[in-house]
Structure formats: structure tokens, C-alpha cells
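Visitor: Structure provided below as C-alpha cells; questions to follow.
Dropping the structure here:
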């Protein structure tokens, strides 16, 4: 009898303790958004990750948040509050982030740039019916999501844009160098298909391991295939080693990559290996100029003075500017429903240091990408020099749009 | 000619593996522990060196000396504070301790340094040497030469000097060494100091070509262990040859990468060249049986206690009541973390079955969970939830049998390496290849769970997962109490005795792997339904290691251990607690430190505290049926010993 009493006591004490812990843990939920409180915008970013850090995007969004609150007096008198979560590129952490962000009751997400959005997070955001304004889509799930309103093409446009540029200067044989995983392999394959459809004669895919300690064998393989140009899918973390390996292996043809590794740390520590490399940019202050650039530089210099101005900060600024225009366009209460409705109405947008967003520009396979255009610039003596295409071949005309003398390239044809 | 070119270029890759393998062999020869943290020590040392040189302005030569000396002292400290205390512990405890060190170093690097991968300026000349048609950077050649040189020096020291012979002697017979007047502590400390110093040298010379970040060298453990295995963890020169060989083979494999056709599925396609070293490990161990020499096994060590679960009837009822209360009072983020925890508990239960009860070290339980997730992604659109759960568990169970086949020939650390390699192959090949995932672009989506025609919201789904976990937990508890469980423990304790008692050991091992993998597969299926997508990076080798570590802290042979593993699982309640308090970046650091402390204070796991407490309380009340969980050496617990005796009789 004594024995049973002890068991019962232990069981009751455990249950009591657990209940108390549960109530303590769950009691501190987020305060629900009200019409007079701040307008909450969520932002899911991969930051603490060796290969892709979006710390610049966070800093940019926060700089614009301060600008909107201090210089514009908020939106409709309400302050804007950006809540960021770093998923570290990990799917479990992404799920945790998504739930914590949704618990803040955001009216929209802004500038999401994450390795796991497409993997685990997007289904949750879609279920919650919250729009994403401005973003850096990297997966097919994002490219076709009806609640996503990116101002640029993200990863889906940067590589195809390079292919179109290379074809426009007469390159026939290209080497495609990508990481050895499913998602990167899919990008490489789609590029090979695009190359063929653009009339290119040959494309060869080369893959490298995520943690490969040496890129020399890869570079040697690329050199042996004697390509006329290279499209390299590399992040800022790998870029120096890959470019050095190309140089050591004697790959002396045009090497192209995206804006991701176009940052000071890579360019300065590459030992000259980055000289002459072509980068695709979704956003181009040097090409566009004008009032947009003045505002961009003002916001960044005032509210994020320590930040280097990069492709990331430029693209994130365009995302914030788009979010601002959508939120300002909302009539009545700013709620997730009204923001989504306004975003659906605002699919045509003039752009902010970017090519305009045009609803009829989206391709069939990537309906969310309303601005698939990129510019290309070559890194020469410490500067990015925009490329010029003297004469666009007839077959490529649908893929090139020259605005104010600057060619913008797209790798897809509009659905219409 | 192409073959020769790629073989020569593989020298850099091979040199990297060889350098790290030398340290692994040095530590194994001296203490019998495969150091999973060898790459992490190299990584952390590299951060120290480049921090001193680039940020501190210390001359490179002096920075090298400081870094190597610091690493050696860290090796001594780790040995004296952790490994020395575990010298009589089972091999799993010692492996787990090195995993704890890995977590601590990775967590520290992420907390202290910029995590973005960078390429520091190297000290070795980087000009290119033209060898016929091959352009080989000189630093790669020098790294390979350095590995060979160090291999020769270590070989000579180990064979020709009194010190080398003493280190070998202490590994073989510690008491004998003491009798001849040598200090095993001093020799053990020296072994770890040398191992860490070699890791530091590797980190300094490799980082400029492999990149510097928290994971760059840390995650090279599979190819490095492959090289060490080729040397039977014994010969320095063979380790160097093994490292260079694997590097060269991996490099030349690139020549056949683009071959198409069903016949090329083994070597052409996504992840094949990365998985190659893992395949080498599996083939080497399985082909040669018990390959690793038994070092440092003077005492066989006490295995973690596996007490009979108490509250087998009231426990599930209480768990259900508490679980329902939590589910219906939690906010969405905590509810989601709770579901991740419950799925983590399932994977933890699979570890309890295969490692805790059966004694077979499996580091691939998350990989089998991934198989369940993959099956779910392929079937969920067309089949009802219960059927998908059954099929996912069944397929994972079959994979478990395949995974368990090597356990018929090998066990202990050899089996740990085989399962680790299998997990690595799953991560690099199976979960990435569209031929398996059936998703050419993006990730395979999974529809929301529905039962009896009704779509489940998160709360209803949490209730379903809770019920599944309680059912499986009850099954595992009942298994421990059954004759099957007693036989499994007998196998864990002494295979020869179990065979003598008439137990069909291979059949039990395979059944254990099948059951454990089926449970893990079920977890993968539920994780898929929760995430609405098959997310391959939730089932990485690192996730598998993390679950085993957490289960060990909790008590690897107890249901409580599985609960602890679930709470500590990625995305679980512990992660959520850290996230809401802004400490998410310290997850690894806290987990690793917790492990190193817990393994000293409670080698049987934190869950054993309850047992001890209950025993003490009963002692006071004069009702002392249950033995304490820290019995004499060489026994699982008194109850288990008596059970084994009964079996043998």
C-alpha cells in the first residue's frame, strides 16, 4: 500500500511539474497585432551559414525600417517593425523560425532569403496566407508560389541571364560548374537545356562536393574540356578557391558567376583570380543611376554606415521599397489579408535600381518571377564595368531588353 | 593520360585526408579511441592560427608554435578531464565523448568567429608546377610530402624509440605498464597531445586550400576514417598511403561521372564521388571482419544500465494526459516544437532498441528516418495516412536489415564506422538523387495529413503523433521486460554467453536493426507530414550523431534517454527554448558541454537519476528491491546479471 502511495505521489508530482512548466513556457505568446500597434513584417534569412550569409539583407531591411519610421513617420502613422529569424540553412531551425515568425502575426514577409524556404517553410507560409514581398527565390517551389512577390529573379534568373549573355557574344561551348546536390544539379540541367534552346552547340556539366578540400581536380577537368566560357555556381565561401583553381589550371576563357560572390572579401583575397570575371546582378546602381540610387545611398549611409554596398544590399533595398509601396497602397486597415490583396494588385511595379516588375513578363514555369532580368558586369581593376552588347543576334532578341543603353538579360520567355 | 593527370591532382585531396588520418591513428594506437573530433580540432586550431597571424599581428612562425602548443595542451586537458575518467567505460561512451568535443569545438567556433567560409592566405608557396600537361599547385604537392614525412617520423618514433614502444604497451596492457614503472596517465596524455598537435598542423596547412569555417575540416571524418581503416588504425605509413589513395581514387572518379545508363548508377550521378570514401570504409570493414585491433581494452567496461521500465501501465496514461494538456494549451511555435520532439523521441527509441538494448552502435538512425520520409514523399499523395505510415516503417525496416548485416561480422567501433558511412551515403546519394526522390526540380512535397477523410490541423496531428509515440514507447518498454529484451541484453553483455545459451545472435541483431529502423522510419514519415515536404537536410549524418549524443546523455538504454534525445533533437523543445531566448547559436556548445559534464557525473544517463533517487527513498523506508544504477564493474545491473544467469542455466 505504501508502495502504491509513493508511485502515485511521484506521478502526481511529475504531472504537476510538467503542467507548470508547460503553462510557464506557453504563457508568453506574442501579443496579437492591433490596428494601432506596429506593422509587423517577418523576414526569414539564412545568416549563420558558411556558404550563404544574408547578414547584409538583415542590415538593409533594418536600415529601411529606421528610415521609414524616422523620416516617413511610419505608414499611416503606424511604426514598422521587422522581425528577423536566422534559420542557419537548417530545415529544423527553419521550421522553428517559421512558427516563431508566424506567432508574431506579421502582415507580410519581406526579403526572405533562405536555403530552406523552399524545403520546409513555404508550405507553412502558404497555409497561413501571408504574402512575401521582395525575396531571393532559390527553389522551384518559390518560383511558382502564388503568395510570393519578389522584385527580382533571385537565383532562377541570375544563371540563365549569364547563359543568354554568353550566347549573345557568340559563345558556343560552355562549361557548367555546380555543386554536387539535387537542387544545384537541377539548375545545371535546366541551364544545359536552355543553352541548347538558345542555339549553343555544347554544354558540359561538372560538379563538386560541398566539402571538397581541393578544387584543383575539378578545375583541371574543366580546362581539359576546352570550353569557350564557364558558368560557375559558387557561393562567397568557395569563390576564392574555385577562381584560384581555375587560374592555376589555365582556364583562361570568360568565367561568369552570379552577384553572390561579388563582395569585397572575395575580390580582395582572390589574389587577382577574380580579375576579368563576369558577374550577373539583379540590381545595378552603377547602370541605373538617378534618384533611386541617391535614396538607396542615403538610407544605407545613414542607417547602416558600416555596411559595404553589395548586390545583396541593393536587391534587399528594392524589396523594401516594393514592400513600402504595397503597404502605402493599402486602403483601410493594414492586415495580412489587405496586404495580400494589394500585392496581388501591384504586380506591375517600376522597379528600384532593378528592371521593372511586369505581370506579363513571368514565364509559365516561374509565375512568381515577374522580373526575370539581370545585368552583367565585368570586374576590372577594382570596379564593375557593365557589359555592352553591340548587336543582339536575331534569335536572342526576346531574351534581351536594352534600357537606357544597358542590356538586361532574361533566360525565360514570357508565358504570354 | 587523363587518368594520370587526375591521379596526380588527387595528391592535394589525398594529402588532406592523410594528414588528418595520422592524428586519428596516433590517438587510436595509444588509447583505442577513434577520435571523431580530429577534424574539429584542426578547424579550431586553424582559427587560432589565422586569428593570431592576421588579427593579432603575430609572426607566422611564432603563431604556428603557439597554436601547436595550445592544441597539445588542449589534448592533455581533454584526456585528463574526460577520457581518463572514461578509460573503463564502454567504447560507446568514449566515442560519444569525442562527439561531445566535436560539438563543443563547432559551437565555440560559431560563437567566437565569423561563420562565413573564407579562404585565408596560406604559408606554403602557391605557384603552379607544370608536370607535362598537368598543372599542379606546389602547395598540394608539399602537403602530400608533409604527410609522408610525418608518417615516416611517427613510424620511426613508434617502432624505434622507448617512448613509442611504451605508448603501444600502455594500449595493450595498462596494468602491466604500471608494474614496470611507467605512468599510463602520462603516456595517455602524451598520445592525445600528439594527436591534437597533428590536427593543428593539418588545420594550418589545409585551411588555405580547403577553406576555413566551422564545418570545413570537421566533416571530413568519413574519408579520414577510411584512410585510418586502410591502416587498421595502426600503421602511420599505411594511413598516409590510404589517404593519398582515397584522394587519388576520388579525383579519378570524376572521369566517369558523366556516364549515363542504369549500369552506372553506382558511380555516376549526384554525390557518388563524395560517397566513395564511405563505400571504401564499409567494404573494408565488412570484407575483413573485425578489422580494428582491440586497443586499450584492458577492462571491458561497464555498459549503461538498462533497468526494467517502471510504471508500464500508469506511465502511458500519465504521458497521454500530460501530452494532451500540453497540446491543447501550447501556442503554435511550441506545438510545432513539441511535434518535432515527439518525432525525435521516436528516433531516440530506435537508438534505445538497437544500441541501448542490443549493444550495436548505430550512427545511422536519422538516415533510416530519412528513408521513411522519402517513402512518405513518394506515396502520400495516393495512399491514406495509416497505410503510408505502415509502408514507410516497413521499407525503413528492410533497409535496417541491410544496415544490420555488417553487425553479423563486426561490432563496437567498427560497426559505428560502418553505420556512419551508410548514413553518409544516404545523405550524399539517396536523399539527393532525383531517381530516388522523384523530384527533378525542387523538393518533393507531401500533402497535409488526413484521417478518415478529414484533414488534420496541427493540434489534431500532434495528438496523432503523441498516440503513436506512446504506443511505440510502450512497445519498447514491454520489449525490455520480455524474454526478447533479456536475450538482447545478454547479447549486448556477452555474445559468446548468449550463443552458449542457445540464442541465435545474428537473427536477434538483424531483428533489432529492423525494429529500430522501422521505428525511425515511422518518425521520418511523421516528420514529413509535419513539414509538408521531404527536407533532406533534416536527416544528415550530423543529425544522426546528435540524436545518439542526446540519447546517451539521457540514458541510452532507458525510455528516458529517448525522451531526452527528443527534447534535444533539432527543432525540438530545447531548440525552441533557446530560440525564444535568442540563444539559438549556442545549441551545439550547450549540448556538447552538457554531454561532457553528464558523461562524467552520470555515465548511465540523466534518466538514471530517477532510479537512484527511488532506490534511496526506498532504502530509507526499508523497501529496497531496486538496485542502484551504478553497480559494480562488469555488470549491466544486478537484475540483468541474474536474468543472464537464468538464461545461461
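Chains as they are written, first to last, in the numbering used here: chain A, 98 to 513; chain B, 5 to 653. Built from N, CA and C at the ideal position, the CB exists for glycine as well.
For residue 384/B, which option in 538/B, 25/B, 49/B and 8/B has the closest C-alpha, if you only look at C-alpha atoms?
Guide: Here the closest residue by C-alpha is 538/B.
Visitor: Closest by CA to residue 36/B, which one among 95/B, 57/B, 149/B and 69/B?
Guide: Minimum Cα distance to residue 36/B is reached at 95/B.
Visitor: Find the residues of chain A that neighbour residue 205/B, judging by a C-beta separation of less than 9 Å, and give them in chain order.
Guide: Ordered by position in chain A, no residue passes the 9 Å Cβ test against residue 205/B, which lies about 15 Å from the chain.
Visitor: Does the beta-carbon of residue 284/B have 16 or more other beta-carbons within 10 angstroms, so that it is buried, or is it exposed?
Guide: The residue is buried, with at least 16 neighbouring Cβ atoms inside 10 Å.
Visitor: Starting from residue 134/B, trace the alpha helix (DSSP H) in both directions and tell me its first and last residue.
Guide: No alpha helix (DSSP H) contains residue 134/B, which is instead part of the beta strand (DSSP E) from 132–135.
Visitor: Counting only beta-carbon separations shorter than 8 Å, does residue 436/B have a partner in chain A?
Guide: Cβ-Cβ to chain A under 8 Å: yes for residue 436/B.
Visitor: Assign residue 496/B to buried or exposed, taking buried as 16 or more other Cβ atoms, counted over all protein chains shown, within 10 Å of its Cβ.
Guide: So residue 496/B counts as buried.
Visitor: Between residue 473/A and chain B, is there a C-beta pair that is closer than 8 Å?
Guide: No, residue 473/A lies away from the interface with chain B (no Cβ there is under 8 Å from its Cβ).
Visitor: Here's the rule: buried if 16 or more other CB atoms are within 10 angstroms of the residue's CB, otherwise exposed. What is residue 91/B?
Guide: That one is buried.
Visitor: Write down the C-beta distance between residue 504/A and residue 486/A rounded to the nearest angstrom, noting that I regard them as a contact closer than 8 Å.
Guide: That pair is a contact at about 5 Å.
Visitor: Looking only at C-alpha atoms, which of 437/B, 573/B and 334/B sits nearest to residue 549/B?
Guide: When each option's Cα is compared against that of residue 549/B, the closest is 573/B.
Visitor: Any Cβ of chain A within less than 8 Å of the Cβ of residue 541/B?
Guide: Yes, its Cβ sits closer than 8 Å to a Cβ of chain A.
Visitor: Cβ closer than 7 Å: which chain A residues qualify as neighbours of residue 727/B?
Guide: As displayed, chain B neither begins before 5 nor continues past 653, which places residue 727/B out of reach and without an answer.
Visitor: Can you name the residues of chain A whose CB is closer than 7 Å to the CB of residue 477/B?
Guide: Within chain A, no residue comes near residue 477/B; the closest Cβ sits about 15 Å away, beyond 7 Å.
Visitor: Taking the C-alpha atoms as reference points, what is the distance between residue 502/A and residue 474/A?
Guide: The straight-line gap from Cα to Cα measures roughly 14 Å.
Visitor: Kindly indicate if chain B contains any beta-carbon less than 8 Å away from that of residue 199/A.
Guide: Interface residue, yes.
Visitor: Any contact between the stretch 176–191 of chain B and the stretch 58–67 of chain B? By contact I mean 3 or more CB pairs, one from each, below 8 Å.
Guide: Contact fails: fewer than three Cβ-Cβ distances are below 8 Å.
Visitor: With a threshold of 8 Å between beta-carbons, can residue 457/A be considered close to chain B, or not?
Guide: By this cut-off, residue 457/A is not an interface position.
Visitor: Counting only the same chain and skipping the five closest in sequence on each side, list residues whose C-beta sits under 6 Å from that of residue 343/B.
Guide: Same-chain partners within the cutoff: 466, 469 and 534.
Visitor: Quick check on residue 459/B: does DSSP put it in helix, strand or coil?
Guide: It is a strand residue.
Visitor: Within 8 Å of any Cβ in chain A, is that where the Cβ of residue 447/B sits?
Guide: Answer yes: the Cβ-Cβ gap between residue 447/B and chain A drops below 8 Å somewhere.
Visitor: What does residue 148/A touch in chain B if you count any residue whose Cβ is under 7 Å from its own?
Guide: Chain B residues near residue 148/A: 121.
Visitor: Taking the continuous beta strand (DSSP E) assigned at residue 205/A, which residues delimit it?
Guide: Counting along the chain, the beta strand (DSSP E) containing residue 205/A begins and ends at 205–209.
Visitor: Does at least one heavy atom of the ligand NAP sit under 7 Å from the Cβ of residue 463/A?
Guide: Annotation note on the ligand NAP: not contained in the displayed structure, which lists no ligands.
Visitor: Only counting the same chain, and skipping five residues up and downstream in sequence, which positions put a Cβ closer than 7 Å to that of residue 250/B?
Guide: 18, 21, 227, 230, 231, 281 and 284, listed in sequence order.
Visitor: Please state whether the Cβ-Cβ distance between residue 308/B and residue 139/B is less than 8 Å.
Guide: No, these two residues do not count as a Cβ contact at 8 Å.
Visitor: The stretch 344–361 of chain B: which residues have C-beta closer than 7 Å to a C-beta of chain A, in chain order?
Guide: Cβ contacts with chain A come from 344.
Visitor: Taking DSSP as the reference, what is the three-state secondary structure of residue 216/B?
Guide: Three-state result, residue 216/B: strand.
Visitor: Could you give the DSSP three-state label for residue 382/B: helix, strand or coil?
Guide: The answer is helix: DSSP assigns residue 382/B an H, G or I state.
Visitor: Would you report the Cα separation of residue 521/B and residue 310/B, rounded to the nearest angstrom?
Guide: Rounded to the nearest angstrom, the two C-alpha atoms are 20 Å apart.
Visitor: Can you tell me which residues form a DSSP beta bridge with residue 431/A?
Guide: BP columns for residue 431/A are empty, so no partner.
Visitor: Between the alpha carbons of residue 604/B and residue 516/B, how many angstroms are there, rounded?
Guide: Cα to Cα, the separation comes out at about 29 Å.
Visitor: Give every residue of the same chain whose Cβ lies closer than 7 Å to the Cβ of residue 31/B, excluding the five residues on either side of it in the sequence, and list them in chain order.
Guide: Excluding positions up to five away in sequence, the list reads 37, 39, 195, 196 and 199.
Visitor: At which residue ranges does the stretch 94–138 of chain B contain complete alpha helix (DSSP H) runs of 4 or more residues, listed in the order of the chain?
Guide: Entirely contained in the stretch 94–138 of chain B, the alpha helix (DSSP H) runs reaching 4 residues are, in chain order, 95–116.
Visitor: Around the Cβ of residue 445/A, are there at least 16 other Cβ atoms within 10 angstroms (buried) or fewer (exposed)?
Guide: Its Cβ having fewer than 16 others within 10 Å, residue 445/A is exposed.
Visitor: Taking only beta-carbon positions, decide if residue 356/A is within less than 8 Å of chain B.
Guide: Answer no: the Cβ-Cβ gap between residue 356/A and chain B never drops below 8 Å.
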